[in-house]
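Chains as they are written, first to last, in this note's numbering: chain A, 20 to 132; chain B, 34 to 141.
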């Protein structure tokens, strides 16, 4: 089954404790991205990757890191989480960036206390 | 000004009704437009693309008005299963911008 998976689905952590949210897709998509979704705001892009070893900042990259060592995986790293990073996070992949359907993972609900 | 703006709703409609809502965008050079559906904080899924001439997919009709910079979505013969948040998505300069969504609730 074609899908994007994320882990963990739910996470409660404390300020400053490093964490990683994994994202994996099995569709051989070149383009992957991370979004956060907050009430009253649209999805905002954090980082994206056009291909292996190619990553770039989205609209809200502060406080986040990513890596793309393999085509299928695109982990999101929070080196020192803060309460304002409490949010619902989605990973997405697509065949290409321009105009192609975005396939989203199931989401990770993160709470930082 | 937000790049993509939507009326958050909620639009509460009875089964069988027609409901329509718009989305405005700020960049007149925007290239492509889409509607995504999101169920109760689950992942968004593509509902349909929006073509310049307007297009239908079953009970759903999408239209684009470039002069006034808005797109619309109309749902005919609403079903309970249409209850969801509908996200307007605009592509410009290789960047996707998402609206905050319009919530539709269909009641029996």
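Ideal placement from N, C-alpha and C gives every residue a C-beta, glycine not left out. Please read these numbers as outputs of a predicted model, since none were measured by experiment.
key: residue 113 of chain B - partner residues in DSSP beta bridges   = In the DSSP secondary-structure assignment, residue 113 of chain B is not bridged to any residue.
key: Members of the segment 91–112 of chain A that neighbour chain E once the beta carbon cut-off is set at 7 Å   = Absent from the structure: chain E. Protein chains present are A and B.
task = State buried or exposed for residue 106 of chain A, treating a residue as buried only when at least 16 other CB atoms are found within 10 Å of its CB.
result = Buried is the call here.
query = Any Cβ of chain B within less than 8 Å of the Cβ of residue 120 of chain A?
reply = Yes, its Cβ sits closer than 8 Å to a Cβ of chain B.
key: Reduced DSSP category for residue 45 of chain A - H, G, I as helix; E, B as strand; rest coil   = The three-state secondary structure of residue 45 of chain A, taken from DSSP, is coil.
key: Residues that residue 133 of chain B contacts on chain A, provided the C-beta gap is smaller than 7 Å   = Those within 7 Å of residue 133 of chain B in chain A are 59, 60 and 61.
ask   = Who are the near neighbours of residue 117 of chain B in its chain, counting only those whose CB is closer than 7 Å to its CB and skipping five residues on each side?
value = Same-chain partners within the cutoff: 70, 71, 72 and 137.
inquiry  = I'd like the span of the beta strand (DSSP E) that includes residue 71 of chain A, first residue to last.
reply    = Note, residue 71 of chain A: premise wrong, no beta strand (DSSP E); not H, not E.
task = Report back the beta-carbon spacing between residue 23 of chain A and residue 44 of chain A to the nearest angstrom; my notes put them in contact at under 8 Å.
result = Between residue 23 of chain A and residue 44 of chain A a beta carbon distance of about 5 Å is seen, short of the 8 Å cut, so the two are scored as contacting.
Interface residues of the segment 68–86 of chain A facing chain B [CB-CB below 9 Å] = Within the segment 68–86 of chain A, the residues whose Cβ lies closer than 9 Å to some Cβ of chain B are 77 and 78, listed in chain order.
query = So, is residue 114 of chain B buried or exposed, given that buried needs 16 or more other C-beta atoms within 10 angstroms?
reply = Exposed, since its Cβ has fewer than 16 Cβ neighbours within 10 Å.
message = Just list the residues that DSSP pairs residue 56 of chain A with in beta bridges.
response = DSSP lists A/107 as partners of residue 56 of chain A.
query = Would you report the Cα separation of residue 34 of chain A and residue 129 of chain A, rounded to the nearest angstrom?
reply = Those two C-alpha atoms are separated by around 12 Å.
inquiry  = Please return the same chain residues whose Cβ sits closer than 6 Å to the Cβ of residue 84 of chain A, not counting the five positions on each side in sequence.
reply    = Excluding sequence neighbours, residue 84 of chain A sits near 96.
task = Measure the C-alpha to C-alpha separation of residue 47 of chain A and residue 47 of chain B and round it to an integer number of angstroms.
result = One C-alpha to the other measures close to 42 Å.
task = Determine the chain B residues that contact residue 27 of chain A at a beta-carbon separation under 8 Å, and present them in chain order.
result = Under the 8 Å cutoff, chain B gives no residues; its nearest Cβ is about 15 Å from residue 27 of chain A.
query = Along chain B, which residues have their Cβ under 9 Å away from the Cβ of residue 126 of chain A?
reply = Within 9 Å Cβ-Cβ: 74, 75 and 76.
ask   = So residue 103 of chain B packs on residue 55 of chain B, CB below 8 Å; how close in whole Å?
value = The C-beta separation of residue 103 of chain B from residue 55 of chain B comes to about 5 Å, placing the pair in contact by the 8 Å criterion.
message = Do residue 62 of chain A and residue 54 of chain A count as a contact pair if the criterion is CB distance below 8 Å?
response = Contact check for residue 54 of chain A against residue 62 of chain A passes: the beta carbons are separated by less than 8 Å.
Spatial neighbours of residue 29 of chain A in its chain, beta-carbon cut-off 6 Å, leaving aside the 5 residues before and after = 128.
inquiry  = Quick check on DSSP: helix, strand or coil for residue 47 of chain B?
reply    = Three-state result, residue 47 of chain B: strand.
ask   = Would residue 45 of chain B pass as a contact of residue 140 of chain B if the rule is Cβ separation under 8 Å?
value = Contact flag set, yes.
Partners in chain A for residue 28 of chain B, counting only beta-carbon separations shorter than 7 Å = Absent from the structure is residue 28 of chain B, since the part of chain B shown begins at 34 and ends at 141.
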